[in-house]
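Residue numbers 2 to 588, in my numbering, belong to the letters of the sequence shown in order.
For every residue, glycine included, the Cβ atom is placed at its ideal position computed from N, Cα and C.
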Amino acid sequence: TIIAPMLSAKDLDEVIAHELGHNWFYGILGSNERTHPWMDEGINTFYEYKYMQKKYGMNKSHELLFQTVAARRMDQPIETTSEQFNEINYAAVAYHKTAEWIRLLETQTGENVFRDQMHIYFQKWKFKHPQPEDFKEIFQSALGNQTEEIFSLLNSKGILPNNKLSGFKMASPFVKGSIKGYLQNPTKNILLISPVAGINAYDKLMVGGLISNYKLPPNNFQFLVTPMYGTNSKKITGLEKLNYTIMSDGAIRKTDVFLNGATFSMNEFVDSFGKKHITAFNKIVPGIKFTFKEKDPKSSIRKYIQWKSFFVNEDNFRFGTDTVITNSDTSLRQKISLVKNKYTVNQLQFTYQNIRALYPFKYQLSVEQINELIRPTMTINYFFNYAKSEGLNVRLFAGKIFYLNGRTESKGFKYDRYALNMTGPNGYEDYTYSNFFVGRNEFGGAGSQQIMIRDGGFKFRTDLLNPEIGKTDNWLIALNLSSSLSDKINPLTVLPVKIPLKVYADIGTYAEAWERTSTQDRFLFDAGLQLSVLKDFLNIYVPIIHNKVYKEYYKSYLSEKRFLKSISFSLNFYNKPIADLNNLLEF
């Protein structure tokens, strides 16, 4: 153990207490830490917990982590070899669950009897190599006919009978100490109430609350609602998520049946009389997700198949004129009304990923159906590690569009929104409303420069052109590269705050470029610098080189501040820290 700078004096105290304990467990009592790690790490942790509880009070955060793993059927028995344990279970089971099992043993025998039996165990096996059956033999006289029942738990998965949660608590930042109180003494059910805020170009500041029972360990039924009020739109906005989980020891380890929803404002227009007209969308998304079980608990493979149906209801502007007749004049007056547009997107996805530390990858096959349009796509992400956390991210995309009854020009126009796009799609092209946009339908200003990384994944936008460069309702293939820059050549290292700098390059082709009558380049490309802020939550793309066709777009459509207007950005709410946490705990 390396005792490095710790977060607090308490953490340092805990580490020292644990390591001192190894003088007895594994030092004097020489159990086999490879075959039976619980006999040294687990028993030692039991005494560490006793010391910490006496000095600092009860702390059940370790139990919350273990029960979360157990609830997802991802735990392993205490009697597992060090080699067979995965990383999280080595800590959660070999250390923590064993300590809780020893506590159960103490409860069953009584504290004084337990202490006497441990003294006997020490005196008999000091400077020797005790095995599990030797430890069991010591406690047989104290446990009697309970011996087999208690010791059989060493080979069982799941939560120990003395640690099953019960009761209910409410936690809120409005109630002092309630969140800390839950962590110290968790209950089976919880209701979390918290203030929440949001912002976009149309609702402006949104204020409201969050009501949820999401917690660790998770319940089978979970819900989250965030009702908010848009200070500009004067409308109710927010998100909702209902999820019911069914766990199994079979081939399908986890089944999630869910219902998601969202409603936000999405556009604004001020008429000639200064009156604001604001459109909104709402969606309901039922679905089901099957997560497959891996044979080896140490496997870093994750596989799941998911079905979603997006029922979308959105407002659109309809512009017209009214004739206004007065005694002295007749004039035309602009008329604006809102019309409803409803559509459904059915989506089937299969995901196969390896979350290993070195060279992680993810394959995703997706098929979407919108009326008579079928949209199959394949996305592959592969990360090549450099030193530390740096590396090269490779993304390969391929997509094809089919029309069930054949393609016509009118269908191409009707389904233009769902076409494959070489450039990262804008807010209007986010037809499932699955991404958060600051200005979803903006045509100017910073809000119009937001994209999402989908389809071809290019960073150079051509929103003012119809059709956009590289847009197709046939087929499209693209390759996206993004590489970290070493601190030695990163000019931003002089700043007081570390901002990782990357270089990116995109290359792709699409069906229309290969037609005989086409005058376009068969391959499009762009490359530039990428600034990744807040663990890749905010990514800013600065184009440097690109095809001639993009340069011509510059000159024709961007009359001034061309360089600034060519910069784009994306928001990644599912960035690496969140993804890693989800892969670990499946929240």
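Given residue i, which residues of its chain have a CB within under 6 Å of its CB, disregarding the five upstream and five downstream residues?
i, result
"H19", "E49"
"E241", "V226 and G262"
"E80", "L155 and N156"
"V368", "L349 and P377"
"M59", "Q185"
"S567", "P544"
"E391", "S485"
"I371", "V346 and Y419"
"R254", "R74, T292 and K294"
"K363", "Q354 and N382"
"P228", "G209 and G239"
Provide the residue(s) that pair with residue i in DSSP beta bridges, ordered along the chain.
i, result
"A399", "M379 and I478"
"G392", "N386"
"Y404", "L374"
"F152", "Partner(s): none; F152 has no beta bridge."
"K472", "N422"
"F459", "T424"
"K129", "L30"
Got a sec? Which residues, its chain only, sit under 7 Å from residue i by beta carbon, not counting five neighbours each side?
i, result
"G22", "N45, Y48 and E49"
"Y305", "K290, F291, T292, F293 and T352"
"R334", "T322, D323 and V325"
"G413", "D474"
"T463", "T424, E469, I470 and Y554"
"E107", "F115"
"M453", "G425, P426, D431, N436 and S571"
Between which two residues does the beta strand (DSSP E) holding residue i run?
i, result
"G321", "I302 to I326"
"I337", "T331 to N355"
"K205", "K205 to S213"
"M229", "M229 to G231"
"T216", "The identity of residue 216 in the sequence shown is Lys, whereas the question assumes Thr. Segment: none, K216 is in no beta strand (DSSP E) and carries neither H nor E."
"A447", "A447 -> no beta strand (DSSP E), and no H or E assigned at all."
"S167", "Neither: S167 is in no beta strand (DSSP E) and is coded neither H nor E."
"L572", "S569 to L572"
Could you spell out where the alpha helix (DSSP H) holding residue i opens and where it closes?
i, result
"E369", "Per DSSP, E369 belongs to no alpha helix (DSSP H); it is in the beta strand (DSSP E), F362 to I371."
"M53", "E42 to Y57"
"L192", "Taken as a continuous stretch (DSSP letters only), L192 belongs to no alpha helix (DSSP H), being part of the beta strand (DSSP E) at N190 to N201."
"Q451", "No alpha helix (DSSP H) contains Q451, which DSSP labels as neither H nor E."
"L225", "First-last for L225: F222 to V226, but that is the beta strand (DSSP E), not the alpha helix (DSSP H)."
"L144", "P133 to L144"
"L13", "A10 to G22"
"L30", "Unbroken run through L30: none, as it is neither H nor E."
"W102", "T99 to T110"
"A358", "First-last for A358: undefined, no H or E at that position."
"Y183", "S179 to Q185"
"H63", "S62 to A72"
"E410", "E410 to K415"
Taking 8 Å as the limit between beta carbons, can you name the residues of its chain near residue i, skipping five residues before and five after?
i, result
"R418", "Y429, E430 and Y432"
"S411", "none"
"K61", "L184, Q185, N186 and P187"
"S310", "V286, P287, G288, T345, V346, N347 and Q348"
"H278", "E269, F270, V271, D272, F318, I337 and L339"
Are the region 527 to 538 and the region 444 to 458 in contact at 8 Å, needing three or more beta carbon pairs? These segments do not touch.
Beta strand (DSSP E) runs contained entirely in the region 233 to 296, provided each spans 3 or more residues: 237 to 248, 253 to 271 and 277 to 293
Taking only runs that begin and end inside the region 482 to 551, name each unbroken beta strand (DSSP E) of 3 or more residues, in chain order. 502 to 511, 525 to 534 and 539 to 547
Sufficient close CB pairs (3 or more, under 8 Å) joining the region 379 to 396 to the region 338 to 346: no
Please determine if the region 228 to 248 and the region 170 to 189 are in contact, where contact requires at least 3 C-beta pairs separated by less than 8 Å. Between the region 228 to 248 and the region 170 to 189, the count of Cβ pairs shorter than 8 Å is below three; the stretches do not touch.
When the Cβ atoms of the region 500 to 514 are set against those of the region 467 to 482, are three or more pairs found closer than 8 Å? Yes, the region 500 to 514 is in contact with the region 467 to 482.
For the region 252 to 266 against the region 280 to 293, do three or more pairs of beta-carbon atoms, one drawn from each stretch, fall closer than 8 Å, so that the two count as touching? yes
Can you find at least 3 beta carbon pairs, one from the region 208 to 225 and one from the region 186 to 199, that sit closer than 8 Å? As far as the Cβ criterion goes, the region 208 to 225 touches the region 186 to 199, which means the pair count is three or higher.
Evaluate the contact criterion for the region 454 to 461 versus the region 420 to 429: three or more CB pairs, one atom per stretch, below 8 Å. yes
How about the region 63 to 75 and the region 133 to 146: do they share at least three Cβ pairs that are nearer than 8 Å? no
Does the structure place the region 386 to 402 close enough to the region 479 to 488 that three or more beta carbon pairs sit under 8 Å? yes
Examine the Cβ distances between the region 538 to 558 and the region 566 to 580 and report whether three or more of them are shorter than 8 Å. yes
Quick check: the region 124 to 133 against the region 97 to 106, are there 3 or more CB pairs under 8 Å? Proximity of the region 124 to 133 to the region 97 to 106 falls short of the contact definition, fewer than three beta-carbon pairs being nearer than 8 Å.
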